[in-house]
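Trainee: 1 is the number of the first residue of the sequence shown in UniProt numbering; add one for each residue after it.
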Amino acid sequence: MSLRDAARAACVSHSFLRSWRCHPNLTFSKEALVLGWNPYRKRLEELSLLLDYDAEYNFPCSVLLDGRANSIRDLDLTDCVFRPMAGFSCLRSLTCLSLCDVYITGDELGCLLSCSFALEELTLMSCEEIICLKIPCVLQRLNRLVVHECDNLEALESKAPNLSIFHYTGGAVKLSLGDALRDLTITASGWNLVHYAGAKLPHIVPYLEALDITSSLARKIPVLPGKFFHLKDLAISFMVSAGSFCPDYDYLSLVSFLDACPSLETLILSVKQDSVEHDSVLGDSSQLRQMPGHSHGSIKDVTTVGFSSAKSMVELACHILENAVSLERLTLETVCYDFRCCDGYSECNPVAEDMMVEARKALLAVERYLSEKVPSTVELNVVEPCGRCGATENFHDKLS
């Protein structure tokens, strides 16, 4: 920014600051929001309101009544109280609704949704008064639903006939989503999500095509009672904020998940942790386990991010090489980077030194157990720790 532009910005900022100090309270009216008819035929199509999170502002629903808000297509409210009641018949042109830290109950939201016939996208973030969320069947156009950290939510039921994308972040919740759903993303806290996904989702979303689940909890996957007949893309992420992920977890048990996905083409397994406590295959003299009788005929591309020398993880990679008859590419990333210097950043994000040592063990495991199993038709990509930035400092010294 030039010196002149910087000076202008500073003046404007001071002017705004003086204005807010002189007028700390705002009153919204239909005239202020340019709602309804006016001689210049202006129509308000977007309304975004972001308030101080310490303030408890009651949004005046009255300014939206009597058809005055029928031109609004995009409504975005943050940090306020919003109480639409029965008979709230407005916002008929609304296509996108986003509520963040908004005080609104499930019933009140239902009153709003019941007349929003044009709604296509709904986003709810940290709306803690919602316990039961019901999406009515009148929302024929609703295609995308995002629910993020609504801590008290217990049940979510959608009867929207064309809802195809749903992203959810939060604790365990009872789901009923309808047959139209094709793309599902769930990031769970305190929820054994991988087990739940395998046991319940085939019946809840039978036509699912893409599934992305992230969990910090897991246990061995049993034989699944149902199948994802249409699932083509599967991403499973295990993440912990500190320490290692379930030292006794058996990655080979994921084979039963693969068996339940006969149309699966792409698999991504990501394990983000600060230390590895699994038994290393390098120090184990026993034979690698095999699971005969399994065939994964559609899998073409497999990626493991955070690949380690954990015996069960090596066994899973061997199983895929031996049983995925259509496999074209296997990618093993030995370090789980959030960002890398080769992608334009100044340096890679810091990685625990123990994980850098483990990455070297993973490379040895690939050389010893996997390289000779790779068919000529399969491209093997092994991503090593970055050698360009300080993230690998003293890495080779520690190994020597």
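Don't be surprised by glycine CBs; every beta carbon is placed ideally from N, CA and C.
Please name the residue, chosen from Ala-324, Phe-229, Asp-76, Leu-288, that lies closest to Lys-311 on a Cα-to-Cα basis.
Mentor: Cα-wise, what sits closest to Lys-311 is Leu-288.
Trainee: Tell me whether His-396 sits in a helix, a strand or coil according to DSSP, three-state version.
Mentor: The predicted model places His-396 with a pLDDT of 35, which falls under 50 and marks its position as unreliable, so this point remains unresolved.
Trainee: Residue range of the beta strand (DSSP E) that residue 402 falls in?
Mentor: For residue 402 there is no data in the structure shown, the boundaries of the chain being 1 and 400.
Trainee: Give the list of continuous beta strand (DSSP E) stretches no shorter than 3 residues that lie fully inside the region 262 to 331.
Mentor: Segments of the beta strand (DSSP E) lying fully in the region 262 to 331: 266 to 272, 301 to 305.
Trainee: What is the DSSP secondary structure of Val-159, counted as helix, strand or coil?
Mentor: Inspection of the sequence shows that residue 159 is occupied by Lys rather than by Val. In this structure, Lys-159 counts as coil in the three-state DSSP scheme.
Trainee: Which residue marks the beginning of the beta strand (DSSP E) containing Ile-165, and which one marks its end?
Mentor: Run containing Ile-165: 165 to 170, per the beta strand (DSSP E) assignment.
Trainee: Are the Cβ atoms of Leu-153 and Val-147 separated by less than 8 Å?
Mentor: Yes, they are a contact pair.
Trainee: Round the Cβ separation of Ala-317 and Leu-282 to the nearest angstrom and send it over; I've been treating them as touching at under 8 Å.
Mentor: Not really, about 14 Å apart at Cβ, beyond 8 Å.
Trainee: Please classify Lys-174 as buried or exposed, where buried requires at least 16 other C-beta atoms within 10 Å of its C-beta.
Mentor: Exposed.
Trainee: Skipping 5 residues on each side, what residues in its chain have a beta carbon closer than 7 Å to that of Ser-89?
Mentor: Hits under 7 Å: Cys-115.
Trainee: By how many angstroms is the C-alpha of Gly-178 removed from the C-alpha of Lys-159?
Mentor: For Lys-159 and Gly-178, the distance between alpha carbons rounds to 6 Å.
Trainee: With DSSP run on the structure shown, which of helix, strand or coil describes Ser-360?
Mentor: Checking the sequence shown, residue 360 turns out to be Arg, not Ser. Looking at Arg-360 - three-state DSSP - the assignment turns out to be helix.
Trainee: State buried or exposed for residue 409, treating a residue as buried only when at least 16 other CB atoms are found within 10 Å of its CB.
Mentor: The question about residue 409 has no answer, for the chain in this structure spans 1 to 400.
Trainee: Out of Thr-185, Arg-388, Leu-156, Thr-78, which one is the CA nearest neighbour of Ile-165?
Mentor: Closest by alpha carbon: Thr-185.
Trainee: Look at Cys-246 and Ala-210 and say whether their C-beta atoms are less than 8 Å apart.
Mentor: Cβ distance not < 8 Å, so Cys-246 and Ala-210 don't count as in contact.
Trainee: Sort His-230, Asp-259, Glu-108 by Cα distance to Ile-131 and report the nearest one.
Mentor: Ranking the options by Cα distance to Ile-131, first place goes to Glu-108.
Trainee: Which residues in the same chain have their Cβ closer than 8 Å to the Cβ of Leu-321, if we skip the five residues on either side of it in sequence?
Mentor: Cβ neighbours of Leu-321 beyond the five flanking positions: Leu-327, Leu-330, Leu-370, Lys-373, Val-374, Pro-375, Val-378.
Trainee: Which residue from Thr-169, Pro-161, His-167 puts its Cα closest to that of Ala-180?
Mentor: Residue Pro-161 is the option with its Cα nearest to Ala-180.
Trainee: Buried or exposed: where does Phe-82 fall if 16 or more other Cβ atoms within 10 Å of its Cβ makes it buried?
Mentor: Buried, by the Cβ-count rule.
Trainee: Going by CA-CA distance only, name the one from Ser-71, Gly-110, His-195, Cys-80 that's closest to Thr-95.
Mentor: Residue Ser-71 is the option with its Cα nearest to Thr-95.
Trainee: Closest by CA to Ala-365, which one among Glu-333, Trp-191, Asn-349?
Mentor: Here the closest residue by C-alpha is Glu-333.
Trainee: Please list the terminal residues of the continuous alpha helix (DSSP H) segment that includes Cys-111.
Mentor: First-last of the alpha helix (DSSP H) with Cys-111: 106 to 113.
Trainee: Is it true that the region 297 to 312 meets the region 342 to 354, where meeting means three or more beta-carbon pairs spaced less than 8 Å apart?
Mentor: Contact fails: fewer than three Cβ-Cβ distances are below 8 Å.
Trainee: Would Leu-119 and Leu-142 qualify as a contact pair, given that the criterion is a beta-carbon distance under 8 Å?
Mentor: Yes, the Cβ-Cβ distance between Leu-119 and Leu-142 is below 8 Å.
Trainee: Roughly how far, in whole angstroms, is the beta-carbon of Val-305 from the beta-carbon of Cys-336, given that I think they are within contact range, below 8 Å?
Mentor: 5 Å between Cβ atoms; contact.
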